[in-house]
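Here the protein sequences come in this chain order: A and W.
The numbering of the first sequence is my numbering, which starts it at 10 and goes up by one.
The numbering of the second sequence is my numbering, which starts it at 56 and goes up by one.
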Amino acid sequence: MATVKPSRRAEAGLTLTEMAVVMIIGTIIMAGLVGFYLSSQGLWLDASTQAITQREATLVASAIRDRVRAAGSATVMSVPDAMHQQLALFGKAGDPVPSYYFWWDASDSLIHAGPTLGGANSGPMILSHAERFQVTATVQAVRVDLRLRSASGSAVEVGTFAVFMN
Amino acid sequence: MGATISVIAVMGLAYSFGVGRGLVNRYEVARAALGEAQSELEALQLVPRIDPTMAIGYVSPPTPFIYEGATLGSSSWRVLPYDDPNLPGPVNLKRVIVTVQWTQNAQTDSLSLERFWQP
């Protein structure tokens with residue numbers, strides 16, 4: 010009885026060269042996919058940090074607007090410079106002592122707020138660094154222009170205007 | 056089969072990241088526009104009620120809406136009559152509406168803020 014043997018070609022499988030070619034192509038495809046994914050993830054992280062900074066800018070503008078409305082007058086000082094100013098709000102026009110402050114602190118580049126400059130109940134309002142905190146005050150209103158920098162380096166600008174109501 | 060699923064998953068994730076980034080950019084300008092409208096409404100507080108620009112029916116000329124040095128659109132306000140049923144008279148309040156319109160990446164957006172004032 011004759012024995013049926015499989016052909017030598019069927020037993021051969023893949024040669025080393027074929028395996029190498031397949032692995033190289035697979036590696037290139039996977040590297041491309043991983044690179045594409047990491048690039049997209051970087052895009053998402055950049056967007057997330059910028060969104061956080063946008064929310065913080067809105068929060069600062071809203072807080073300043075509310076405080077100005079509750080105040081009667083304000084003074085502005087260029088401390089430490091004209092790009093980073095200090096806003097002092099008085100409860101009523103003619104009050105001798107300010108009731109609330111907003112200022113840029115050179116030690117951490119953050120915007121601080123509180124009833125006293127550097128007192129117990131004062132501190133940074135947000136975590137995004139401020140590149141510009143410019144204030145213009147008249148006898149009737151206050152204008153604030155703000156530029157924040159997100160953790161990924163994107164700039165966010167916001168401006169607000171509020172009228173004294175007190 | 057596994058490779059196909061991986062490719063589809065990665066492409067889907069990348070697409071969603073890109074869309075999210077686009078929305079953040081869109082909302083960035085929208086937040087600035089909201090600030091512009093709030094500031095405009097606040098500034099109108101300083102206009103005397105008898106001023107012609109506060110008369111019912113007045114529509115202001117558009118002023119440019121500028122963000123990061125670029126003019127993206129315009130801002131304007133209009134004054135409409137409003138009848139509060141709890142107050143005497145047919146037109147007992149002024150309804151001041153500030154509208155900001157802008158175009159970004161060929162997409163036009165707008166927002167309106169309104170406030171009621173006594174005549």
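In this text, a Cβ means the ideal position worked out from N, Cα and C, and glycines have one as well.
Check: Assess contact between the region 35-49 of chain A and the region 129-149 of chain A, defined as three or more Cβ pairs (one per stretch) separated by less than 8 Å. Is contact present?; Outcome: no
Check: From G67 of chain W to S61 of chain W, what does the alpha carbon distance come to, in whole angstroms?; Outcome: 10 Å
Check: How long is the line joining the alpha carbons of P89 of chain A and D164 of chain W, rounded to whole angstroms?; Outcome: 39 Å
Check: Listed from N- to C-terminal order along the chain, which residues in the region 131-160 of chain A have their beta-carbon within a distance smaller than 7 Å of any beta-carbon of chain W?; Outcome: Q149 and A150
Check: Measuring straight from C-alpha to C-alpha, what distance separates R76 of chain W and T154 of chain W?; Outcome: 26 Å
Check: Could you list which residues in chain A have their beta carbon closer than 8 Å to that of E169 of chain W, in chain order?; Outcome: Neighbours of E169 of chain W on chain A: none; closest Cβ ~17 Å, over 8 Å.
Check: With a threshold of 16 other CB atoms inside 10 Å of the CB of F120 of chain W, please say whether the residue is buried or exposed.; Outcome: buried
Check: Quick check on the DSSP output: the alpha helix (DSSP H) that includes R76 of chain A runs from which residue to which?; Outcome: L25 to R78
Check: If I'm right that L166 of chain W touches L99 of chain W with Cβ under 8 Å, what's the distance once you round it to whole angstroms?; Outcome: At roughly 16 Å, the Cβ-Cβ gap does not stay under 8 Å, so L166 of chain W and L99 of chain W are not in contact.
Check: Grab me the residues of Q162 of chain W's own chain with a C-beta within less than 8 Å of its C-beta, minus the 5 sequence neighbours each way, in chain order.; Outcome: R81
Check: With DSSP as the reference, label A4 of chain W as helix, strand or coil.; Outcome: Residue 4 of chain W is absent from the model: chain W starts at 56 and stops at 174.
Check: Thinking just about the alpha-carbon of each residue, which of W:V84, W:V134 and W:A87 is nearest to the one in D106 of chain W?; Outcome: W:V134
Check: Please work out which residues of its chain come closer than 7 Å, Cβ to Cβ, to S118 of chain A, disregarding the five sequence neighbours upstream and downstream, and give them in chain order.; Outcome: H138 and A139
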